[in-house]
Every structure is written in C-alpha cells, then in structure tokens.
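**Q**
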Amino acid sequence: MTVLVLHGVNLNMFGRRDPAQYGTATLDGINAALAALAGELGVELATFQTNHEGAMVERIHAALDDGTAAVVINAGAWTHTSHAIADALDILPVPVVEVHMSNVHAREPFRHESVLARVCAGSIAGFGVQSYLLGLRAACALAR
Ligand code: DQA
492 MTVLVLHGVN
502 LNMFGRRDPA
512 QYGTATLDGI
522 NAALAALAGE
532 LGVELATFQT
542 NHEGAMVERI
552 HAALDDGTAA
562 VVINAGAWTH
572 TSHAIADALD
582 ILPVPVVEVH
592 MSNVHAREPF
602 RHESVLARVC
612 AGSIAGFGVQ
622 SYLLGLRAAC
632 ALAR
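Throughout the sequence shown, residue numbering follows this note's numbering, covering 492 to 635 in sequence.
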C-alpha cells in the first residue's frame, strides 16, 4: 500500500521560513520522519513538492494509476484558493487527509477557510511535523 504525501507552494522553504509558525524542520527532514513512520506502519511512501499549481494537479491525476491508496496533502497557500486542486483531489477514489504545520485557525482570517476541506476526510493543523505524522497515521487507518 502506497501513501502519497503532497507538499504545495513554498513548502520547500520550510527550515528557512517564519520559524515562529513553522519551526526549523526542513522539507527533507519532514520527508525523512514520514519515511521512518511509513516503515513502522508497513506502508510505502511517495512524496512530491511543487511550486506550480498545474504540476500539482497533474501529480494528483497520476495518482489514479500509480497504486496510491491514500493521500496526505499540505497545499500551503493553495489550501485557501485552489478549487483546481480540490477538483483534482475529488477525482481520486482514495481518502485524502489535509495537514498544516501551523494552527491556521489561530492566524489571519484568510487562512481559516480551506477550499480543499470539501474533498478531504479531515484535517490536522497546528502540531508542526507531528501534523504530517498524524496525517500519515490517519491516511493509513482510512485506507485499511
Ligand atoms: C501552511 C498554512 C498555510 O496557510 C500557509 O499558506 C502555508 C503553510 C501550514 O503548513 O501551516 O504555506 O499550509
């Protein structure tokens, strides 16, 4: 079983970006922590990051045919704007879990709305790297 973890716009800057909100972990560090947990859970992990919305949509389309059993997504600011990514996720027959490093509900009002929420099983926000790890656990539980 493969779980696909998608990282959206600006998330390659983790570790160099607003540590008060996002801490100091890098994207490579987050992916390494996810890979370690995937090993413990006995699942395969695939990860993808892009700063291009169309590339994200095309990666989601590819998940239809590559054996993806569940998706974890931190879409970054696209969370609040991208109906295109939401529509792409809605095509997938597998569970999708939304995650955020920061507590988006305690931040600026524009971050309080997720346009992805309508196609996600649930969301986890505010726990830093643990948001991803909890998201992976949730995705595995939903897919099994
Ligand atoms: C984020 C929260 C978003 O509002 C923001 O645009 C990001 C990161 C998070 O992980 O907390 O880029 O998704």
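Where is the CB? At the ideal position from N, CA and C, for every residue including glycine. Bear in mind the structure is a predicted one, so any value in this text is a computation, not a measurement.
Give the DSSP bridge partners of A537, in chain order.
**A** For A537, which the question treats as bridged, DSSP gives the partners L495.
**Q** With a cut-off of 8 Å, do at least 3 Cβ pairs link the stretch 572 to 583 to the stretch 612 to 630?
**A** The answer is no - the stretch 612 to 630 does not touch the stretch 572 to 583, with fewer than three Cβ pairs under 8 Å.
**Q** Which same chain residues, not among the five before or five after A560, have their C-beta less than 7 Å away from its C-beta?
**A** If we look at A560 and ignore the five residues flanking it on each side, its Cβ neighbours are M492, T493, V494, V585, A634.
**Q** Quickly, what does DSSP pair V590 with across the bridge? List them, please.
**A** BP columns for V590 point to I615.
**Q** When you compare each of A516, A511, G499, L497 to F505 by their alpha carbons, which one comes out closest?
**A** Among A516, A511, G499, L497, the Cα nearest to that of F505 is on A516.
**Q** Is S593 a contact residue of the ligand DQA, with contact defined as CB to any heavy atom under 6 Å?
**A** Yes, the ligand DQA has a heavy atom inside 6 Å of this Cβ.
**Q** Suppose you measure from the CA of E599 to the CA of S593; what does that come to, to the nearest Å?
**A** Those two C-alpha atoms are separated by around 12 Å.
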